[in-house]
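One structure below.
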Amino acid sequence: MNKLVKLYHTLGSPPSFYRIAGYFLTPLLLLALGLTAYGLVDGLFFAPIDYQQKDAYRIIFVHVPSAWMSMFIYAMMGIAAIMAFVWRMKVAEAVMMASAPIGAAFTVITLVTGMLWGKPMWGTYWDWDARMTSELILLFLYIGVMAMYAAFDDDPRKAARLTALVAIIGLVNLPIIHYSVEWWSSIHQKSSVKLTGSTGIKDWDMLRPLLVMAFATKFYYGYSMLHRARSYLLHTESQKQWAQAALGLDTPKKQNKEQSNG
Amino acid sequence: MTPTRKKRLMLIVMVFLGVALATAIFLTAFKENIMFFKSPTEINAGDFPKQRNFRIGGMVKDQSLQRANDSLQVSFVVTDHAHDVTVTYQGILPDLFREGQGVVAIGQMNNDGVFHAEEVLAKHDENYMPPEAAAAVEAAKKYKEGSN
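Going line by line, the protein sequences match chains G and S. If you use our numbering, the first sequence corresponds to residues 220 to 481, in order. If you use our numbering, the second sequence corresponds to residues 183 to 330, in order.
Laid out in structure tokens, this is it:
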């Protein structure tokens, strides 16, 4: 238990988080790139066609992993927001703000690929059914989180505190998105892949690329989020000695001396 | 946990529960409006808006599709296996429109009990499989029906 507490405190301090996160960047990026390449080739060229949609169903290998990520990242952001609000942890603030744009990007990909699939399959790009509407609200929540922070950017600590509250309130939307196709009649189909119970995709050659892409997007999020969180900490802590050292700058004291000499 | 942190945690728990409760009440109150379509059973019971467009959803009944010879006029029966509603439509049906598949039609109910659609959308289900698997499922279904 003591070790866990120690790890928590180590990761909670910006300099050690910056250092430790740095080790993970390259492996995460390589995993993300490798799995994305494999998943896309496997899904777009080798997976068998669907009996009804033929080749058009292949957008699932981008759409579904993106949709999972749009909700997974919001959950991560929400947890970081709770930690930032209650414990005022700088690292949690960094993780929260680093997650928002990545989640927003995945939400946009989800909406756009869904619309492109909807036109030939359903016969319409968009309709206001519960699934589509709640996913659109998720995009607005991400934008709201980023806008809230931007509105108070002269004081990052205060901005993060207020933003955390918005992010926490938005968590209400996650179960609504997930159960929207069960609670209400909708044009969007029910979930094809479930953690428990039977899935709607039984063919392993079809399911495999989907799962590979699900892991690839998780690794990409890990890479991108840690990278952004490190930059966030460097930016907000730029006056601290560790940040100056990480940036390869001399300590401010020494610089002043040199200036007075010259 | 220090008292200040406990207070903050309680604050966000209360805010979260409040928002969740308000959302739940809102969604329950507007349940009817969020429902994307009416089922044939609801329509049969007279539970649909009159003189106004709404959506009907269900399965296209097997062997119910009829096309006119000289126009794009089509008619088919939408069923939920309990009740049927006849739908007429003028236009091109979407790719996924099949007998035995899900469909959503937007339009009005006529006095004669026929639904006049202005737009027909195909509804896909959550099952994806290769053609061979679909053929095997179909064969098994036929075999089962034959043995009954």
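Cβ atoms here follow ideal geometry from the backbone N, Cα and C, with glycine treated the same way.
Task: Cβ-based burial, G/Glu401 [other Cβ within 10 Å; buried from 16] - done: Here residue 401 of chain G refers to the residue found at position 182 of the first sequence. Burial call: exposed.
TODO: Under 8 Å between beta-carbons, which chain S residues line up against G/Ile388? List them in chain order, please.
DONE: Residue numbering aside, residue 388 of chain G sits at position 169 when the first sequence is read from its first letter. For G/Ile388, the C-beta contacts it makes with chain S under 8 Å involve Val197, Phe198, Val201, in order along the chain.
Task: Contact list for G/Ala349 against chain S, beta-carbon separation under 8 Å - done: Here residue 349 of chain G is taken as the residue at index 130 of the first sequence, counted from 1. Those within 8 Å of G/Ala349 in chain S are Ile216, Phe218.
Task: Cα-Cα separation, G/Ser285 to G/Leu330 - done: By one-based count along the first sequence, residue 285 of chain G stands at place 66. By one-based count along the first sequence, residue 330 of chain G stands at place 111. Each residue's alpha carbon lies about 9 Å from the other.
TODO: Go through the segment 382-413 of chain G residue by residue and report every complete run of the alpha helix (DSSP H) that reaches 4 residues or more, in order.
DONE: 392-402
Open item on the list: For G/Met444 and G/Ile321, which I take to be in contact (beta-carbon distance under 8 Å), what is that distance rounded to the nearest angstrom?
Closed with: Position 225 of the first sequence, counted from the first residue, corresponds to residue 444 of chain G. Position 102 of the first sequence, counted from the first residue, corresponds to residue 321 of chain G. With a Cβ gap of about 6 Å, G/Met444 and G/Ile321 count as contacting.
Open item on the list: Please report whether the beta-carbon of G/Val224 lies at a distance below 9 Å from any beta-carbon of chain S.
Closed with: For the purposes of this step, residue 224 of chain G is identified with residue 5 of the first sequence, where counting begins at 1. Cβ-Cβ to chain S under 9 Å: no for G/Val224.
Open item on the list: Per the DSSP calculation, S/Gln255 is bridged to which residue(s)?
Closed with: For the purposes of this step, residue 255 of chain S is identified with residue 73 of the second sequence, where counting begins at 1. According to DSSP, S/Gln255 bridges with S/Gln272.
TODO: Tell whether a beta-carbon distance below 9 Å holds between G/Phe218 and S/Arg190.
DONE: For chain G, the structure presents residues 220 to 481; residue 218 of chain G sits outside this window and is missing.
Task: Local conformation of S/Arg280 per DSSP, three classes - done: Looking up residue 280 of chain S in the second sequence gives position 98. Of the three classes helix, strand and coil, the one that applies to S/Arg280 here is coil, per DSSP.
TODO: Run the CB neighbour count on S/Ser221, radius 10 Å, all protein chains shown included, and call it buried at 16 or more, exposed below.
DONE: Indexing the second sequence from 1 puts residue 221 of chain S at position 39. Its Cβ being crowded by 16 or more others within 10 Å, S/Ser221 is buried.
Open item on the list: Can you pull the chain S neighbours of G/Lys372, defined as C-beta to C-beta under 9 Å?
Closed with: Taking the first residue of the first sequence as position 1, residue 372 of chain G is located at position 153. With the sequence shown as reference, residue 372 of chain G is identified as Asp, and Lys is not the correct amino acid for it. Within 9 Å Cβ-Cβ: nothing; G/Asp372 doesn't reach chain S, min ~23 Å.
- [ ] Please list the partners that G/Lys421 has in chain S, where partner means a Cβ-to-Cβ separation under 8 Å.
- [x] Position 202 of the first sequence, counting from 1, holds the residue named residue 421 of chain G. The answer, in chain order, is Met311, Ala315.
Open item on the list: Any contact between the segment 306-323 of chain S and the segment 263-275 of chain G? By contact I mean 3 or more CB pairs, one from each, below 8 Å.
Closed with: yes
- [ ] Express the C-alpha separation of G/Lys222 and G/Ile439 in angstroms, rounding to a whole number.
- [x] Counting from 1 along the first sequence, the entry for residue 439 of chain G is found at position 220. Counting from 1 along the first sequence, the entry for residue 222 of chain G is found at position 3. Correcting the residue identity first, residue 439 of chain G is Tyr in this sequence and not Ile. Cα to Cα, G/Tyr439 sits roughly 29 Å from G/Lys222.
TODO: Drop a sphere of 10 angstroms on the beta-carbon of G/His228, count the other beta-carbons inside from all chains shown, and report buried for 16 or more, exposed for fewer.
DONE: Locating residue 228 of chain G in the first sequence gives position 9, where the first residue counts as 1. G/His228 comes out exposed.
TODO: Taking S/Glu308 as the query, report the chain G residues whose CB atoms sit under 7 Å from its CB, ordered along the chain.
DONE: Here residue 308 of chain S corresponds to residue number 126 of the second sequence, with the count starting at 1. Simply Gln408, Lys409, Ser410, Ser411, Gly419.
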